[in-house]
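Protein sequences appear in the order of chains A and B.
Mapping of the first sequence onto the working numbering: position 55 corresponds to residue 955, and the numbering continues sequentially without gaps.
Mapping of the second sequence onto the working numbering: position 58 corresponds to residue 958, and the numbering continues sequentially without gaps.
C-beta: ideal position from N, C-alpha, C; glycine also.
Report on one structure; see the data block that follows.
2 protein chains.
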Amino acid sequence: MASARRIGAPDAKNRGVLLDAAEQLMLEEGYAAVTSRRVAQKAGLKPQLVHYYFRTMDDLFMAVFRRRAEQGLRYQAEILKSPQPLWALWKFHTESPDTALTMEFTALANHRKELRAEIAYYAERFRDEQSKVVARALERYGTGVHELPPVVAIVLVMGVAQLLVIENTLGMSSGHGETVEIVERYLRQLEGEPAISPGT
Amino acid sequence: MASARRIGAPDAKNRGVLLDAAEQLMLEEGYAAVTSRRVAQKAGLKPQLVHYYFRTMDDLFMAVFRRRAEQGLRYQAEILKSPQPLWALWKFHTESPDTALTMEFTALANHRKELRAEIAYYAERFRDEQSKVVARALERYGTGVHELPPVVAIVLVMGVAQLLVIENTLGMSSGHGETVEIVERYLRQLEGEPAISPGT
DNA sequence: GTCTATAATCAGATAGAC
DNA sequence: GTCTATCTGATTATAGAC
């Protein structure tokens, strides 16, 4: 039945080239700029190849997302090994350009069921990992610092980090300095002065 | 020089109809679905009328945004009259469907200079109003409750509220219950039990 | 397994008719 | 002041060639 058409091998070189092009385009100009033509152009390939390697444009978006998410999980596992996991999360999420890409995907996902489910799935995995590590860390620091359950600490930190990044992108800054100060004071209470940023 | 073409009157009935259609479409299917054809279809008008009332599609987006932003400012002024402004902000931003539309505009604005500036401008106005009111409120409650500067309290509350709404839309919920509990406990410490929601 | 020729549809915008 | 006929180009997707 559905789609007898053949699809390119998952490890073909040009498939990766197309993924790179799509991701870059998405970051630079937003998901609406990710058309088969523009992706191909950026990749130096013919537009039809996009449909050879990805049945639909939605499939392409999905593939871009999965690739980044998997890499993100590996990277997070790395930085969470830090003795100061809260600092690591905070620094990562206020500074990484990944946040912009995530925003783009979230906006796109708002109206695409499959992608939305995929994002939720990965987001839960990210948070689970975070929770485990932060729970252990808070235990180490001695409980009751402010009686914050680990998940709540994470949600708070991530919420603020995200807001700051979004507003920064818009060119806003009112209240940012004061907020960063308060958050970092809190982190310092828990984890002490931040060490130099971790490798990779 | 530029564009000698005439443009429809700002108060023409069909202009409003088109704005309504565009806004609804944006909410239901995302900004990428807002094309002249689809807007016109939803409005029961001819596609070309979109370009008669709005020179470009960007102009249309801008007009939709401004209309909502102005209305939002009026509404916020209303709810900030509450004797419990922090509760009002929290409730409004965790429950209002407006948040979804704002997200959509923010994503769109990410790659459109003019719209981005406009959103930043209005966002600052929103925050200024909030700051004034919350500052007065915190003073009333007696300072030093947790030594949070008003702007910081606002940024924290807004950040968390936004994260919860976004994740909710994705279908996520891990950590939400606990976070809501903590935030509302904090609000209760400051402003007591929330009264019934305000009118309008 | 890799890519191209081609179909079918939809997009933004403008000049000009009422 | 209001709307329509129409141009030009882009977009997704498929069937079929190498």
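Step through the CB atoms of chain A and report whether any lies within less than 8 angstroms of the CB of B/V1065. Position 165 of the second sequence, counting from 1, holds the residue named residue 1065 of chain B. It does not: the Cβ of B/V1065 has no partner Cβ on chain A nearer than 8 angstroms.
Between which two residues does the alpha helix (DSSP H) holding B/A1053 run? Within the second sequence, numbered from 1, the residue matching residue 1053 of chain B stands at position 153. Looking at the DSSP string, the run of the alpha helix (DSSP H) that includes B/A1053 is 1050–1070.
B/Y1041: which of B/K1013, B/A1009, B/R1088 sits nearest, CA to CA? In the second sequence, the residue the question calls residue 1041 of chain B occupies position 141. Checked all of B/K1013, B/A1009, B/R1088; the closest Cα to B/Y1041 is B/R1088.
Proximal residues to A/V1051 (C-beta, below 7 angstroms), its chain only, five neighbours per side dropped: On the first sequence, residue 1051 of chain A is found 151 positions in, with the first residue counted as 1. S1031.
Using a Cβ-Cβ cutoff of 9 angstroms, what residues of the segment 965–984 of chain B are near chain A? List them in chain order. none
Minimum length 4: unbroken alpha helix (DSSP H) runs contained in the segment 976–1031 of chain A: 985–995, 998–1009
Kindly list, in the order they appear in chain A, the residues whose Cβ is closer than 8 angstroms to that of B/N1010. Here residue 1010 of chain B refers to the residue found at position 110 of the second sequence. Neighbours of B/N1010 on chain A, chain order: G930, A1000, M1003, E1004, T1069.
Taking a contact to mean a Cβ-Cβ separation below 8 angstroms, would you say A/E1014 touches A/M926 in this structure? Numbered from its first residue, the first sequence carries residue 1014 of chain A at position 114. Numbered from its first residue, the first sequence carries residue 926 of chain A at position 26. No. Outside cutoff.
Using alpha carbons as the reference points, say which of B/F992, B/R967, B/I1066, B/M962 lies closest to B/Q976. If you number the second sequence from 1, residue 976 of chain B lands on position 76. The candidate whose alpha carbon is nearest that of B/Q976 is B/F992.
Using only alpha-carbon positions, find the residue among A/G916, A/N914, A/A932 that is nearest to B/H1011. As a first step, residue 1011 of chain B must be located in the second sequence, where it is residue number 111. The shortest C-alpha separation from B/H1011 is found at A/A932.
Entirely enclosed alpha helix (DSSP H) segments - the segment 917–982 of chain B, minimum 4 residues: 936–943, 948–953, 957–979
Per-residue DSSP class, three states only, for A/P1098: Start at 1 with the first residue of the first sequence, and residue 1098 of chain A comes out as number 198. Residue placement at A/P1098 cannot be trusted, given a pLDDT of 47 that sits under 50; what the coordinates show is reported in the next sentence. The answer is coil: DSSP assigns A/P1098 none of H, G, I, E or B.
Any beta carbon of chain A sitting closer than 8 angstroms to that of B/V863? Since the first and last residues shown for chain B are 901 and 1100, residue 863 of chain B lies out of range.
Rounded C-beta distance between B/W987 and B/E1091? I'm assuming under 8 angstroms. To locate residue 987 of chain B, count along the second sequence from 1; it is residue 87. To locate residue 1091 of chain B, count along the second sequence from 1; it is residue 191. Yes, B/W987 and B/E1091 are in contact; Cβ-Cβ is about 5 angstroms, under 8 angstroms.
Please list the partners that B/T1101 has in chain A, where partner means a Cβ-to-Cβ separation under 8 angstroms. Any question about residue 1101 of chain B goes unanswered here, given that chain B covers just 901 to 1100.
Taking 8 angstroms as the CB-CB limit, is B/V934 close to chain A? Residue 934 of chain B sits at position 34 when you count from the first residue of the second sequence. False, the Cβ-Cβ gap to chain A never drops below 8 angstroms.
Which residue from A/I1066, A/S1074, A/I1054, A/R1085 puts its Cα closest to that of B/S1074? In the second sequence, the residue the question calls residue 1074 of chain B occupies position 174. With distances taken between Cα atoms, B/S1074 lies closest to A/I1054.
Give the residues of chain A in contact with B/A1020, contact being defined as C-beta atoms less than 7 angstroms apart. The sequence position of residue 1020 of chain B within the second sequence is 120, counting from 1. Residues of chain A passing the Cβ test: L1070, G1071, M1072.
Buried or exposed for B/A909, please, with buried defined as at least 16 other CB atoms from any protein chain shown within 10 angstroms of its CB. The residue given as residue 909 of chain B occupies position 9 in the second sequence. Classification of B/A909: exposed, given that the 10 Å Cβ count is below 16.
If you run the structure through DSSP and keep just helix, strand and coil, what is B/R1036? Here the question's residue 1036 of chain B lines up with position 136 in the second sequence. If DSSP states are grouped into helix, strand and coil, B/R1036 belongs with the helices.
Do you know offhand how far A/T853's Cα is from A/Q1062's? Look at the range of chain A in this structure, 901 to 1100, and you will see that residue 853 of chain A is not part of it.
Can you list, in chain order, the residues of its chain with a C-beta nearer than 8 angstroms to that of A/L945? Leave out the 5 residues immediately preceding and following it. Translated into positions along the first sequence, residue 945 of chain A becomes position 45. Once the five neighbours on either side are set aside, the close Cβ partners of A/L945 are N914, V917, L918.
Just tell me which of B/T999, B/Y1022, B/P1094 has its CA closest to the CA of B/T1069. In the second sequence, the residue the question calls residue 1069 of chain B occupies position 169. Selected option, being the one with the closest Cα: B/T999.
Could you give the distance in angstroms between the alpha-carbon of B/A1035 and the alpha-carbon of B/R1025? Position 135 of the second sequence, counted from the first residue, corresponds to residue 1035 of chain B. Position 125 of the second sequence, counted from the first residue, corresponds to residue 1025 of chain B. Those two C-alpha atoms are separated by around 15 angstroms.
What in chain A is Cβ-close to B/A922, meaning under 9 angstroms? In the second sequence, counting from the first residue as 1, residue 922 of chain B sits at position 22. Per Cβ cutoff of 9 angstroms: no residues; B/A922 is ~15 angstroms from chain A at best.
A/L1008 to B/E1039, Cα distance in whole Å? Numbered from its first residue, the first sequence carries residue 1008 of chain A at position 108. Numbered from its first residue, the second sequence carries residue 1039 of chain B at position 139. Between A/L1008 and B/E1039, the C-alpha separation is close to 42 angstroms.
Which residues in the same chain have their Cβ closer than 7 angstroms to the Cβ of B/V939, if we skip the five residues on either side of it in sequence? Locating residue 939 of chain B in the second sequence gives position 39, counting from the first residue. L918, A921, A922, L925, V950, listed in sequence order.
Please list, in chain order, all residues of the same chain as B/V1060 whose beta carbon is under 7 angstroms from its beta carbon, the five residues on each side excluded. Indexing the second sequence from 1 puts residue 1060 of chain B at position 160. These residues qualify, in order along the chain: T1079, V1083.
May I ask which residues mark the beginning and end of the alpha helix (DSSP H) holding B/G1077? On the second sequence, position 177 is the one that residue 1077 of chain B refers to. From DSSP, the alpha helix (DSSP H) with B/G1077 extends over 1076–1091.
Excluding the 5 residues preceding and the 5 following B/L980 in the sequence, name in chain order all residues of the same chain whose CB lies nearer than 6 angstroms to its CB. Counted from its first residue, the second sequence places residue 980 of chain B at position 80. V1033, listed in sequence order.
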